[in-house]
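Number 450 in my numbering belongs to position 467 of the sequence shown; there are no gaps in the numbering. Here's the structure, in structure tokens; my notes come after.
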Amino acid sequence: MGMSDAIDIGVGDYKLVLGLLKQHLPNVAVWAYGSRVKWTARPQSDLDLVAFTSCEQEAAVFNLREALEESSLPFSVDLFIWDELPESFRKQIEAEHVVLVVGKEKDVRGGWKTATLGELTDNFDSVRVPVKRADRRPGPYPYYGASGIVDSVNDYLFDGEYLLIAEDGENLRTRNTPIAFLANGKFWVNNHAHIVRGNRKANTRYLMYALSELDVSGYLTGSTMPKLTQGNMNRISLLTPPMSEQRAIAHILGTLDDKIELNRRMNETLEEMARALFKSWFVDFDPVRAKMEGRDTGLPPDVAALFPDRLVESELGEIPEGWEVKALGELIELAYGKALKADDRKSGSIPVYGSNGQVGWHDKKLAAGPGIVVGRKGNPGIVTWAYRDFFPIDTTFYVIPRDTDGDLPFLFFALTAQDLPSVAADSAVPGLNRNLAYMNRQLVPDKQVVEEFSHYASAIFTRQHRLEEESRTLAAQRDALLPKLISGEMRVNTRDEESEAVIGKYQ
């Protein structure tokens, strides 16, 4: 028998009540009693609850009562506080109650308190200024919306570390991306994201992590477009430790996130290095031009010797002597991916790729890795490198070299340089037409030059893969730590060496 069967309310209403209790009074014991426990209630009968709160949670109780009153529940909820009830009434409740929430006394000890977001932050919504796309001028400063950076502009409104919280958008319900995120440095914010900063009672980064664990559905309005008003945002209830412990928790989780971000930037730098070399060798022909002008190529002698010292005319313009131009279809086959709905994917270690990159995991491969995935529908022409065995779904192609000795790293950068999205745009049917793509002309360098480049690029891909795997491990460790730290289940010493010890344990 499910817990909702113990009291006379529907499953949906039961979940809504539990959600509001968790939001406003996390880890506080709550009992139900009265007619809905005895199963003598009429449809309009109240639901009677009693909460075991402390005096410090008075504001949270007030906010919970308001939230219950404003909710979509088809009945009223009477919420009482145990310590405020007469002894005779307590005995009556003890004899007939049903436990809705099992409290954790340790979570409200040691200085942990429940407070609203409005009590913990300074709000800067009045400083926000939306700018129409047509009126934005490109510049170095990020322009933020509800889910992150949406553009770059030539001016800024804020300078420092702030917390941005989505004000509207379907993501408030789906949570596909974080609804609360930090913005640092100089930036601009439109009116789709609230902007706050922790006051003397709260650490800004701690608040970000606390909100990431919170179900905010009870605070949202709007059936078509979810909205988190400033008033409702300010009523969000959070369990907060003393400031010193907030800083320690933010330091532990932030250290893991900072390492993940460092790995992401390193991977971007590595790919930029490989792209720069591809452009130098196969677009600008720098080694060939250096030889023609009697300059040092800057390459090891054995590598420099692989390049000719002349450019000759071709259908693509001047190209190095001895190199060829072929149709893309002579070099590769664009094989169709296979349908694999999200519900049909089984937990495993095989990455699943869609038209714009990885979309999940599965337990079986469709193609052996490493490999190349090309978007067919949705994001046609987007080229993605698969580090290992993979499963490309039916919105993609995957590349099979016509030559079994075809060098995949070279083909990856060659396909990226082909600007395949423009081929898709020229197609009468939405998506990438592979027959049109096959007609594209592709420069084919000397085999030894291609092998030399692929050797270099393969080393970069290997390092990128190691960094991505490390980031996956770090993210899993962060996700395991986060709920324990935010709820108080795992306590940390506020001394730096203790925080470092926790970080070290999970690295």
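Ideal Cβ placement from N, Cα and C applies to all residues, glycine included.
Span separating the alpha-carbon of residue i from that of residue j
i: residue 147; j: residue 102; result: 17 Å
i: residue 105; j: residue 54; result: 27 Å
i: residue 90; j: residue 181; result: Below a pLDDT of 50, predicted positions are generally treated as unreliable, and residue 90, at 41, falls in that range; no measurement from the model is reported.
i: residue 177; j: residue 162; result: 10 Å
i: residue 155; j: residue 149; result: 7 Å
i: residue 108; j: residue 179; result: 8 Å
i: residue 235; j: residue 342; result: 28 Å
i: residue 373; j: residue -3; result: 42 Å
i: residue 386; j: residue 399; result: 19 Å
i: residue 258; j: residue 113; result: 36 Å
i: residue 60; j: residue 51; result: 7 Å
i: residue 290; j: residue 428; result: 9 Å
i: residue 252; j: residue 277; result: 31 Å
i: residue 280; j: residue 430; result: 19 Å
i: residue 492; j: residue 159; result: Not covered by the structure: residue 492. The range shown for the chain is -16 to 490.
i: residue 36; j: residue 7; result: 11 Å
i: residue 196; j: residue 462; result: 10 Å
i: residue 288; j: residue 265; result: 16 Å
i: residue 471; j: residue 417; result: 55 Å
i: residue 88; j: residue 248; result: Bear in mind that the predicted position of residue 88 carries a pLDDT of just 44, short of 50, making it too unreliable to give a figure here.
i: residue 219; j: residue 413; result: 44 Å
i: residue 314; j: residue 151; result: 48 Å
i: residue 213; j: residue 456; result: 36 Å
i: residue 157; j: residue 326; result: 16 Å
i: residue 282; j: residue 306; result: 20 Å
i: residue 67; j: residue 46; result: 18 Å
Assumed close pair residue i, residue j - CB separation to whole angstroms, cut-off 8 Å
i: residue 440; j: residue 384; result: Going by Cβ atoms, the distance from residue 440 to residue 384 rounds to 15 Å, so no, they are not a contact pair.
i: residue 322; j: residue 377; result: 4 Å
i: residue 422; j: residue 312; result: 7 Å
i: residue 42; j: residue 65; result: Incorrect: roughly 18 Å between the Cβ atoms, too far for contact.
i: residue 335; j: residue 355; result: In fact, because the Cβ distance is near 15 Å, the residues do not count as touching under 8 Å.
i: residue 364; j: residue 404; result: 4 Å
i: residue 379; j: residue 406; result: Residue 379 to residue 406, Cβ: 15 Å. No contact.
i: residue 100; j: residue 250; result: In fact, because the Cβ distance is near 35 Å, the residues do not count as touching under 8 Å.
i: residue 83; j: residue 3; result: Rounded, the Cβ-Cβ distance is 11 Å, inconsistent with contact.
Simplified DSSP state of residue i, which is helix, strand or coil
i: residue 30; result: strand
i: residue 423; result: coil
i: residue 340; result: strand
i: residue 404; result: helix
i: residue 97; result: strand
i: residue 55; result: coil
i: residue 245; result: helix
i: residue 106; result: strand
i: residue 466; result: helix
i: residue 15; result: strand
i: residue 381; result: strand
i: residue 440; result: helix
i: residue 232; result: helix
i: residue 274; result: helix
i: residue 448; result: helix
i: residue 311; result: helix
i: residue 297; result: strand
i: residue 269; result: helix
i: residue 169; result: strand
i: residue 92; result: Only weak support is given to the placement of residue 92: the predicted model assigns it a pLDDT of 43, under 50, and the question is left unresolved by the model.
i: residue 133; result: strand
i: residue 325; result: helix
i: residue -3; result: helix
Same chain, Cβ closer than 8 Å to residue i, neighbours up to 5 away in sequence not counted
i: residue 215; result: 202, 203, 204
i: residue 165; result: 144, 145, 146, 147, 187, 188, 191
i: residue -8; result: 0, 19, 30, 58
i: residue 332; result: 344, 346
i: residue 127; result: 133, 147, 166, 170, 171, 172, 173, 176
i: residue 135; result: 121, 122, 123, 124, 125, 126
Cβ shell of residue i (< 6 Å), same chain only, five flanking positions each side left out
i: residue 340; result: 367
i: residue 229; result: 186, 189
i: residue 433; result: 390, 393
i: residue 437; result: 390, 392, 393
i: residue 371; result: 352
i: residue 292; result: 274, 275
i: residue 454; result: 243, 246
i: residue 473; result: 467
Close Cβ partners of residue i (< 7 Å) along its chain, the five nearest in sequence each way excluded
i: residue 139; result: 124, 169, 170, 171
i: residue 153; result: 209
i: residue 458; result: 243
i: residue 81; result: -11, -10, 14, 15, 20
i: residue 309; result: 425, 427
Proximity test, residue i beta-carbon vs the ligand GTP heavy atom, cut-off 7 Å
i: residue 42; result: In the structure shown, the ligand GTP is absent, as is every other ligand, since no ligand is present at all.
>> With a threshold of 8 Å, are at least 3 pairs of Cβ atoms found where one atom belongs to the region 183 to 196 and the other to the region 114 to 134?
In response: no
>> Under 8 Å: do the region 73 to 80 and the region 12 to 27 share three or more Cβ pairs, one atom per stretch?
In response: yes
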